[in-house]
Amino acid sequence: MNKPVRRIALFCGLLVLTLLLRDNWLQYVKADELKTADSNRRVLIERYAAPRGDIIVDGKAITGHATTDGDFKYKRTYKDGAMWAPVTGYVSQAYGATQLESIDDGILTGNDDRLFFRNTLDMLTGKKKEGGNVVTTLNAAAQKAAYEGLEKQGGKGAVAAIEPSTGKILALASYPSYDPSSFAGGSDTDAKAWKSLLKENNKNDPTLNRALREVYPPGSTFKVLTAAAALENGLYDSADEKTDSPLPWTMPGTVTELPNEGDLPCEDATLRKALEVSCNTVFGKIGSDLGNDKMLEMAKKFGFTEEQFVPVRSSASVFSDDMAPSEVAQSSIGQFNTAATPLQMAMVTSAIANNGTLMQPYMVDELQAPNLDTIEKTDPEEKSKPLSADNAQILQSMMETVVKDGTGKNAQIPGVTVGGKTGTAQHGVDNSENPYAWFISYAKGEDGSSPVAVAVVVEDENASRDDISGGGLAAPIAKNVMQAVLDSKK
Numbered sequence: 119m120n121k122p123v124r125r126i127a128l129f130c131g132l133l134v135l136t137l138l139l140r141d142n143w144l145q146y147v148k149a150d151e152l153k154t155a156d157s158n159r160r161v162l163i164e165r166y167a168a169p170r171g172d173i174i175v176d177g178k179a180i181t182g183h184a185t186t187d188g189d190f191k192y193k194r195t196y197k198d199g200a201m202w203a204p205v206t207g208y209v210s211q212a213y214g215a216t217q218l219e220s221i222d223d224g225i226l227t228g229n230d231d232r233l234f235f236r237n238t239l240d241m242l243t244g245k246k247k248e249g250g251n252v253v254t255t256l257n258a259a260a261q262k263a264a265y266e267g268l269e270k271q272g273g274k275g276a277v278a279a280i281e282p283s284t285g286k287i288l289a290l291a292s293y294p295s296y297d298p299s300s301f302a303g304g305s306d307t308d309a310k311a312w313k314s315l316l317k318e319n320n321k322n323d324p325t326l327n328r329a330l331r332e333v334y335p336p337g338s339t340f341k342v343l344t345a346a347a348a349l350e351n352g353l354y355d356s357a358d359e360k361t362d363s364p365l366p367w368t369m370p371g372t373v374t375e376l377p378n379e380g381d382l383p384c385e386d387a388t389l390r391k392a393l394e395v396s397c398n399t400v401f402g403k404i405g406s407d408l409g410n411d412k413m414l415e416m417a418k419k420f421g422f423t424e425e426q427f428v429p430v431r432s433s434a435s436v437f438s439d440d441m442a443p444s445e446v447a448q449s450s451i452g453q454f455n456t457a458a459t460p461l462q463m464a465m466v467t468s469a470i471a472n473n474g475t476l477m478q479p480y481m482v483d484e485l486q487a488p489n490l491d492t493i494e495k496t497d498p499e500e501k502s503k504p505l506s507a508d509n510a511q512i513l514q515s516m517m518e519t520v521v522k523d524g525t526g527k528n529a530q531i532p533g534v535t536v537g538g539k540t541g542t543a544q545h546g547v548d549n550s551e552n553p554y555a556w557f558i559s560y561a562k563g564e565d566g567s568s569p570v571a572v573a574v575v576v577e578d579e580n581a582s583r584d585d586i587s588g589g590g591l592a593a594p595i596a597k598n599v600m601q602a603v604l605d606s607k608k
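Per our numbering, the very first residue in the sequence shown carries number 119; after that it's consecutive.
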């Protein structure tokens, strides 16, 4: 073979080798990436070629499917979509998926690796692939009471309800909301519906999950956490011991007095009376006396400063470090930088109702295969123990006084022991905007256990400022949610 021919043969050999290397790179190294790439239309066609499995509440599906024209055969439908959107999220042919629809997409589409052997068997037998189900912990009656309560109020707001003994989320409502069915397809109508929901086009931001993603100043509801810190750190030993609370009280390092909301009996008030009438001076001074480190430690035990995954992500609630004593005082009554999600305040209430033990909140009870076999089951898990059982019971008695004799009377349920705390949280520059109305509560069953703890926040920018209070706007919603859970236990 002459020299030119050898060169050509060598060059051709290199081309073949390069082709083989490239082929193997695509087939093995890049296969998974190409298979799931957004630009791979075959992936999307396969994704919508079969009906998705369902999201289940109380044994019934709150999702469904419908057939469509074009490449994508099926699209998602929702029953009472706006009510359940904070739980389900959405799945759309054009805009992807969020929340449970995204987190458990593999189960719902039938593509999860744990369904591999079943899918292989179905392929051999010619049976069409099916999606599995996501069984939630939600209580349909409680969710309806929460959503309809917010809807009736007409402003913005959210509700979170938890079963204290397990951490099961019973209700998770946000208002205003949206119907995920309206943009589940890929038509011009779906695109128009989607655009109408975007924040830049809708100031109410209906796609915001206010129960999990919005942090609000908790106002006076935070005083239960400050009371817990006082008891746990031995600052006071009982609910009926007089506190060291002068009136007026000037915040340390300032010449500014911390005001109460009205002429209240707060001078040297007991913890019980201070919580009943909601004394800023008492709880502000407690926070200042304990100091930033001890207050922050207690807040963290309840879940502040970290994101929660239920499994949907919830924003981290805020209690700052490195604050001046006056700032700690304001933070200890739920103002200054303190901010919390409704889920977080439901967790605080849940731990108190559960005799000091905080359970990890969760909303997925189990994942099911298409034949309803259990693939994965969630077991209740203790998250922390913020306070002792004795101190939790002291705090329960204080919260029950709030509902019986204080600012939380609108949450009373005949024949049922209810504990709660109202809150009216200031916000805006120089507190110029309408405050947020809060209410946290729990209800006890006949056996003394608590099947439900609730947190409600209401934003009503159209209400008269003087008419906004946690007891007036939020407590009736909490009452109805608690009643719904109690009725479902009968």
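Yeah, the Cβ is synthetic: ideal placement off N, Cα and C, and Gly gets one too. Note that the structure is predicted; figures quoted are calculated from it, not measured.
| Item | Value |
| --- | --- |
| Collapsed DSSP secondary structure at Met463 in the structure displayed | helix |
| Spatial distance of Tyr166 from Val209 (CA atoms) | 11 Å |
| Between the CA atoms of Ile280 and Ala571 - distance to the nearest angstrom | 5 Å |
| Rounded separation between Asn580 and Gly224 - CA only | Confidence at Asn580 is low in this model, with a pLDDT of 48, below 50, so the placement of that residue should be treated as unreliable; the coordinate-derived value is given next. If I take the Cα positions, the gap works out to 43 Å. |
| Of the listed residues Gln448, Gly182, Ser432, nearest to Ser438 (C-alpha basis) | Gln448 |
| Of the listed residues Phe420, Ala200, Ala573, Thr540, nearest to Leu461 (C-alpha basis) | Ala573 |
| Those runs of the alpha helix (DSSP H) which lie wholly inside the stretch 299-323 and span at least 4 residues | 306-315 |
| Best match in Lys121, Leu513, Glu494, Leu138 for proximity to Gly250 [C-alpha to C-alpha] | Glu494 |
| Same chain only: Cβ atoms within 6 Å of Ala529, ignoring 5 sequence neighbours per side | Val521, Val536, Gly538, Ser559, Ala593, Ala596, Lys597 |
| Spatial distance of Lys197 from Ala258 (CA atoms) | 12 Å |
| Candidates Thr542, Tyr554, Lys607, of which the one nearest Asp565 by Cα | Lys607 |
| DSSP state of Leu288 mapped onto helix, strand, coil | strand |
| C-alpha distance - Asp230 paired with Val161, whole-angstrom precision | 15 Å |
| Nearest-angstrom Cα separation, counted from Val252 out to Glu484 | 6 Å |
| Supposed contact pair Ser396 and Thr525 - C-beta distance, whole angstroms, cut 8 Å | 6 Å |
| Cβ separation of Ala347 and Gly452, assumed to be a contact under 8 Å, to the nearest whole Å | Going by Cβ atoms, the distance from Ala347 to Gly452 rounds to 13 Å, so no, they are not a contact pair. |
| Reduced DSSP secondary structure (H/G/I, E/B, other) of Glu484 | strand |
| CB-CB length for Lys286 against Tyr480, believed under 8 Å | 7 Å |
| Exposed unless 16 or more other CB atoms sit within 10 angstroms - verdict on Cys384 | buried |
| Cutoff 8 Å: Thr361 Cβ touching any chain B Cβ | Among the protein chains of the structure shown there is no chain B, as only one such chain exists. |
| Backbone CA spacing between Gln601 and Ile531 [nearest angstrom] | 8 Å |
| For Met477, the three-state DSSP class (helix, strand or coil) | strand |
| When Ala263, Ile221, Leu218, Leu135 are compared against Leu604, the one with the closest alpha-carbon | Ala263 |
| Nearest-angstrom beta carbon gap, Ala212 and Gly304 [assumed within contact, 8 Å] | 4 Å |
| Local Cβ density within 10 Å of Ile512, reported as buried at 16 or more and exposed below that | buried |
| At least three beta-carbon pairs within less than 8 Å, the stretch 422-433 to the stretch 401-408 | no |
| Of the residues Leu138, Gly474, Asp172, the one placed nearest Leu349, counting alpha carbons only | Gly474 |
| Cβ neighbour criterion (16 or more within 10 Å) applied to Trp143 | exposed |
| Environment of Phe557 [buried if 16+ CB atoms lie within 10 Å] | buried |
| Burial state of Thr307 (16 or more Cβ within 10 Å) | exposed |
| Rounded C-alpha distance that separates Lys391 from Pro204 | 37 Å |
| Alpha-carbon to alpha-carbon, Val342 and Asp585 | At Asp585 the pLDDT is 37, less than 50, meaning the model places this residue with poor confidence and gives no usable figure here. |
| Integer-rounded CB distance, given that Asn319 should sit under 8 Å from Lys313 | 6 Å |
| According to DSSP, residues forming a beta bridge with Gly541 | Trp556 |
| Start-to-end residues for the beta strand (DSSP E) that takes in Glu500 | 500-502 |
| Arg125 classed as buried or exposed, judged by whether at least 16 other C-beta atoms fall within 10 angstroms | exposed |
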